[in-house]
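*Asks:* One structure, as structure tokens, below. Some questions next.
There are 2 protein chains.
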Amino acid sequence: DIMRIPVDDPVAFTFFTGYMAMAAASVFFLFERSTVADKWKTSLLVSGLITGIAAVHYYYMRDYYVSTNETPIALRYIDWTLTVPLMVVEFYLLVRAAGAKASLLWKLILAAVIMLVFGYIGEAFTDGSMGHSVLWGSLSTLGYVYILYSAWMGEVAQLAAASNSVAVQKGVRALAWFILVGWAIYPIGYMAMPGGWLGPDGAGLLRPHDLDLLYNIADAINKIGFGLVVYGIARSESAVKV
Amino acid sequence: DIMRIPVDDPVAFTFFTGYMAMAAASVFFLFERSTVADKWKTSLLVSGLITGIAAVHYYYMRDYYVSTNETPIALRYIDWTLTVPLMVVEFYLLVRAAGAKASLLWKLILAAVIMLVFGYIGEAFTDGSMGHSVLWGSLSTLGYVYILYSAWMGEVAQLAAASNSVAVQKGVRALAWFILVGWAIYPIGYMAMPGGWLGPDGAGLLRPHDLDLLYNIADAINKIGFGLVVYGIARSESAVKV
Ligand SMILES: CC1=C(/C=C/C(C)=C/C=C/C(C)=C/C=O)C(C)(C)CCC1
Ligand SMILES: CC1=C(/C=C/C(C)=C/C=C/C(C)=C/C=O)C(C)(C)CCC1
Numbered sequence: 002d003i004m005r006i007p008v009d010d011p012v013a014f015t016f017f018t019g020y021m022a023m024a025a026a027s028v029f030f031l032f033e034r035s036t037v038a039d040k041w042k043t044s045l046l047v048s049g050l051i052t053g054i055a056a057v058h059y060y061y062m063r064d065y066y067v068s069t070n071e072t073p074i075a076l077r078y079i080d081w082t083l084t085v086p087l088m089v090v091e092f093y094l095l096v097r098a099a100g101a102k103a104s105l106l107w108k109l110i111l112a113a114v115i116m117l118v119f120g121y122i123g124e125a126f127t128d129g130s131m132g133h134s135v136l137w138g139s140l141s142t143l144g145y146v147y148i149l150y151s152a153w154m155g156e157v158a159q160l161a162a163a164s165n166s167v168a169v170q171k172g173v174r175a176l177a178w179f180i181l182v183g184w185a186i187y188p189i190g191y192m193a194m195p196g197g198w199l200g201p202d203g204a205g206l207l208r209p210h211d212l213d214l215l216y217n218i219a220d221a222i223n224k225i226g227f228g229l230v231v232y233g234i235a236r237s238e239s240a241v242k243v
Numbered sequence: 002d003i004m005r006i007p008v009d010d011p012v013a014f015t016f017f018t019g020y021m022a023m024a025a026a027s028v029f030f031l032f033e034r035s036t037v038a039d040k041w042k043t044s045l046l047v048s049g050l051i052t053g054i055a056a057v058h059y060y061y062m063r064d065y066y067v068s069t070n071e072t073p074i075a076l077r078y079i080d081w082t083l084t085v086p087l088m089v090v091e092f093y094l095l096v097r098a099a100g101a102k103a104s105l106l107w108k109l110i111l112a113a114v115i116m117l118v119f120g121y122i123g124e125a126f127t128d129g130s131m132g133h134s135v136l137w138g139s140l141s142t143l144g145y146v147y148i149l150y151s152a153w154m155g156e157v158a159q160l161a162a163a164s165n166s167v168a169v170q171k172g173v174r175a176l177a178w179f180i181l182v183g184w185a186i187y188p189i190g191y192m193a194m195p196g197g198w199l200g201p202d203g204a205g206l207l208r209p210h211d212l213d214l215l216y217n218i219a220d221a222i223n224k225i226g227f228g229l230v231v232y233g234i235a236r237s238e239s240a241v242k243v
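Sequence order for the protein chains is A and B.
Residue numbering for the first sequence follows this note's numbering, starting at 2 and increasing by one per position.
Residue numbering for the second sequence follows this note's numbering, starting at 2 and increasing by one per position.
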């Protein structure tokens, strides 16, 4: 079982770096957890779980891709089924101190489920037509837009505005930008699929394999990057308390 | 050994998410254990053991199912042989503070053994007939009903009613609902088997593979969900004490 990674395949390259980066990030968050104040410990644990879960799935996706040269759709969505709700839990932990209720958590999780179920139908059951890709992609986007709205103008944003904690405000500002920029990479990757607007049957700007390239880049930004931002806030907040 | 997960197989999907969710939950319970008051630490440890044991069995069940497309009956009952008594231990830990005696623990474990032994005979040694499925399923249900009765009206319920601890009352209310709703999913899944009331030889509402789908969903609810409810109670109780 030798790892034969084609030197000219950026998708394979990012599957491998993604795997190791997720595993390393998980160890980082779990170890550093003991250096932050108690109220931040759960956030760092959740970051460690998100990247740890992703490490296992990247391990399988990497081998699947290198062996078959195909997109590991089922594995990707199995990962998201767990990690996207956990990302939402991380958002919720940030605003809980500002008075967020459990109902907010459930609304965001429902939006995430809508986003993922329709996205899965769009990718897994495609007939290669643009109609299929656009229909299910649009429905999925409704869930995404709801989360985006909540972070910029809706309940999450309002809780942060009403809070007098600098940490909550910095955290919510960061998450709003991650959802706007980092999360937007996924629908762009989705449009590289057969029948997608940016793929070979559409504008021709992306090849089908760019879907995995973009998903891998976005996953690193959102899973590791957002975790690091939360860690930074937690550290500076913990220093104040000491 | 590439993981080839058919995109249209929800049973495989839940075996994979179940595996990773159990592993993540186990890490969560074991890490968060240090954030609760001492008297709750054993409960969180037991939750971590239940989900950790399940993670290992899901690892094997997943591979068994994907390779053979068959129900991993033996592995399933090997898991339950350990995790169901541990769930009962978790119930006992909740009411111990309200004066529960060890004899209660043994009665509940005996009921669980009856439930599992007869259920195993029903599934593993079926001749495909409805007579076999219904006979052993009914005997198994006697054990289930005893546990249900204890939680809603019997010894467990009476201990909670007589206790003046809010934590005990909230915990017992939660477990009563989990046993009524979450545990009821298992006998429904059982009826999807050949000869079962809801399967192809009965009402035809379920396909045989729905047995594993329902068991997987129920396991996530009962093992992770109930653990999280206990964790929530433990955290709020610990905050009061600190
Ligand atoms: C809008 C949209 C999508 C959005 C996916 C997103 C936003 C995924 C986020 C994943 C994260 C944040 C993982 C981190 O753990 C899909 C499903 C590609 C389908 C097309 C439309
Ligand atoms: C009533 C009944 C059953 C009940 C099974 C149950 C209730 C299993 C619970 C498992 C749990 C709680 C695992 C968690 O760790 C069987 C055996 C399917 C056989 C048919 C009748």
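Cβ coordinates follow ideal geometry from the N, Cα and C atoms, glycine included.
Quick one: Cα of residue 136 (chain B) to Cα of residue 127 (chain B), how far?
*Replies:* In a straight line, the C-alpha of residue 136 (chain B) is about 11 angstroms away from that of residue 127 (chain B).
*Asks:* Is residue 242 (chain B) helix, strand or coil by DSSP?
*Replies:* In this prediction, residue 242 (chain B) scores a pLDDT of 46, lower than 50, which makes its location untrustworthy; the coordinate-derived value is nonetheless stated afterwards. Correct three-state label for residue 242 (chain B): helix.
*Asks:* For residue 19 (chain B), I'd like the list of residues in its chain whose CB is within less than 7 angstroms of its CB, leaving aside the five on either flank, ordered along the chain.
*Replies:* Contacts found: 59, 217, 220 and 221.
*Asks:* Suppose you measure from the CA of residue 182 (chain B) to the CA of residue 120 (chain B); what does that come to, to the nearest Å?
*Replies:* Straight-line Cα distance between these residues: approximately 19 angstroms.
*Asks:* Hey, would you say residue 36 (chain B) sits closer than 8 angstroms to residue 42 (chain A), going by beta carbons?
*Replies:* Cβ distance < 8 angstroms, so residue 36 (chain B) and residue 42 (chain A) count as in contact.
*Asks:* Whole angstroms is fine: what's the gap from residue 243 (chain B)'s alpha carbon to residue 63 (chain B)'s?
*Replies:* Note that residue 243 (chain B) has pLDDT 40, beneath the 50 cutoff, so the model's placement of it is unreliable and no number is given.
*Asks:* Along chain B, which residues have their Cβ under 7 angstroms away from the Cβ of residue 57 (chain A)?
*Replies:* Result: 21.
*Asks:* Would residue 151 (chain A) pass as an interface residue toward chain B - the criterion being a Cβ-Cβ separation below 8 angstroms?
*Replies:* Residue 151 (chain A) does not count as touching chain B.
*Asks:* Whole-angstrom Cβ separation of residue 66 (chain A) and residue 16 (chain A), contact assumed at under 8 angstroms?
*Replies:* Their Cβ separation, rounded to whole angstroms, is 5 angstroms, which keeps residue 66 (chain A) and residue 16 (chain A) in contact under 8 angstroms.
*Asks:* Following the continuous alpha helix (DSSP H) through residue 217 (chain A), name the residue where it begins and the one where it ends.
*Replies:* First-last of the alpha helix (DSSP H) with residue 217 (chain A): 211 to 220.
*Asks:* Determine the DSSP secondary structure at residue 130 (chain B), reduced to helix, strand or coil.
*Replies:* Residue 130 (chain B): coil per DSSP, three-state reduction.
*Asks:* Against residue 53 (chain A), what residues of chain B qualify as contacts under a CB-to-CB distance less than 8 angstroms, listed in chain order?
*Replies:* Under the 8 angstroms cutoff, chain B gives 25 and 28.
*Asks:* With a threshold of 7 angstroms, establish whether the CB of residue 213 (chain B) neighbours any heavy atom of ligand 2.
*Replies:* Result no, Cβ not under 7 angstroms from ligand 2.
*Asks:* Please list, in chain order, all residues of the same chain as residue 226 (chain B) whose beta carbon is under 6 angstroms from its beta carbon, the five residues on each side excluded.
*Replies:* For residue 226 (chain B), where only same-chain residues beyond five positions count, there are no Cβ hits under 6 angstroms.
*Asks:* Between the stretch 29 to 45 of chain B and chain A, which residues of the former have a C-beta closer than 8 angstroms to a C-beta of the latter?
*Replies:* The stretch 29 to 45 of chain B vs chain A, Cβ under 8 angstroms: 29, 32, 33 and 36.
*Asks:* How close, in whole Å, do the beta carbons of residue 1 (chain B) and residue 51 (chain B) come, if the pair is a contact with beta carbons under 8 angstroms?
*Replies:* In the structure as shown, chain B begins at 2 and stops at 243. Residue 1 (chain B) is therefore absent and cannot be evaluated.
*Asks:* Is the CB-CB distance between residue 196 (chain A) and residue 134 (chain A) below 8 angstroms?
*Replies:* In this structure, residue 134 (chain A) lies closer than 8 angstroms to residue 196 (chain A) by Cβ.
*Asks:* Between the Cα of residue 211 (chain A) and the Cα atoms of A:47, A:111, A:191 and A:92, which residue gives the shortest distance?
*Replies:* The shortest Cα separation from residue 211 (chain A) among A:47, A:111, A:191 and A:92 belongs to A:191.
*Asks:* Pull up the CB-CB distance for residue 6 (chain B) and residue 13 (chain A), whole angstroms please, since I reckon it's below 8 angstroms.
*Replies:* At roughly 20 angstroms, the Cβ-Cβ gap does not stay under 8 angstroms, so residue 6 (chain B) and residue 13 (chain A) are not in contact.
*Asks:* At 7 angstroms on the CB atoms, spell out the chain B contacts of residue 74 (chain A), in chain order.
*Replies:* Near residue 74 (chain A) (Cβ distances below 7 angstroms), the residues of chain B are 8.
*Asks:* Report the neighbours of residue 234 (chain B) on chain A: residues whose CB is nearer than 9 angstroms to its CB, in chain order.
*Replies:* In chain order: nothing, as chain A lies at least about 14 angstroms away.
*Asks:* Have a look at B:238, B:188, B:162 and B:57 and flag the residue whose alpha-carbon is nearest the alpha-carbon of residue 138 (chain B).
*Replies:* The residue with the shortest Cα to Cα distance from residue 138 (chain B) is B:188.
*Asks:* Is the separation between the beta-carbon of residue 230 (chain A) and that of residue 175 (chain A) shorter than 8 angstroms?
*Replies:* Yes, the pair counts as a contact, with Cβ atoms nearer than the cut-off.
*Asks:* Report the three-state DSSP secondary structure of residue 192 (chain B) (helix, strand or coil).
*Replies:* Coil at residue 192 (chain B), not helix or strand.
*Asks:* So with CB distances below 8 angstroms, who are the chain B contacts of residue 79 (chain A)?
*Replies:* Correct list: 6, 14, 17, 18 and 21.
*Asks:* Taking the Cβ atom as the reference point for each residue, do residue 27 (chain B) and residue 235 (chain B) lie within a distance shorter than 8 angstroms?
*Replies:* Contact flag unset, no.
*Asks:* Anything in chain B within Cβ reach of residue 82 (chain A), meaning under 7 angstroms, just list it in chain order.
*Replies:* By Cβ distance, chain B contributes 18.
*Asks:* Cβ of residue 104 (chain A) less than 8 angstroms from any chain B Cβ?
*Replies:* Not one chain B Cβ lies under 8 angstroms of residue 104 (chain A).
*Asks:* Report whether the distance from the Cβ of residue 61 (chain B) to the nearest heavy atom of ligand 2 is below 7 angstroms.
*Replies:* Incorrect: residue 61 (chain B) has no Cβ contact closer than 7 angstroms to ligand 2.
*Asks:* Taking the Cβ atom as the reference point for each residue, do residue 186 (chain A) and residue 215 (chain A) lie within a distance shorter than 8 angstroms?
*Replies:* Yes; because the gap between Cβ atoms is below 8 angstroms, this pair is in contact.
*Asks:* Mind listing the chain B neighbours of residue 50 (chain A)? Cutoff is C-beta to C-beta under 7 angstroms, in chain order.
*Replies:* Under the 7 angstroms cutoff, chain B gives 25, 28 and 29.
*Asks:* Alpha carbon to alpha carbon, how far is residue 157 (chain A) from residue 29 (chain B)?
*Replies:* Those two C-alpha atoms are separated by around 25 angstroms.
*Asks:* Which parts of the stretch 139 to 210 of chain A are runs of the beta strand (DSSP E), unbroken and 3 residues or longer, counting only runs that do not cross its ends?
*Replies:* Entirely contained in the stretch 139 to 210 of chain A, not one beta strand (DSSP E) run reaches 3 residues.
*Asks:* Output needed in chain order: residues of the stretch 110 to 138 of chain A with a Cβ under 9 angstroms from some Cβ in chain B.
*Replies:* Here the close residues are 121, 124, 125 and 126.
*Asks:* To the nearest angstrom, how far is it from the Cα of residue 118 (chain A) to the Cα of residue 97 (chain A)?
*Replies:* Going from the Cα of residue 118 (chain A) to the Cα of residue 97 (chain A) covers about 27 angstroms.
*Asks:* Locate the alpha helix (DSSP H) running through residue 71 (chain A), then write down its first and last residues.
*Replies:* First-last for residue 71 (chain A): undefined, no H or E at that position.
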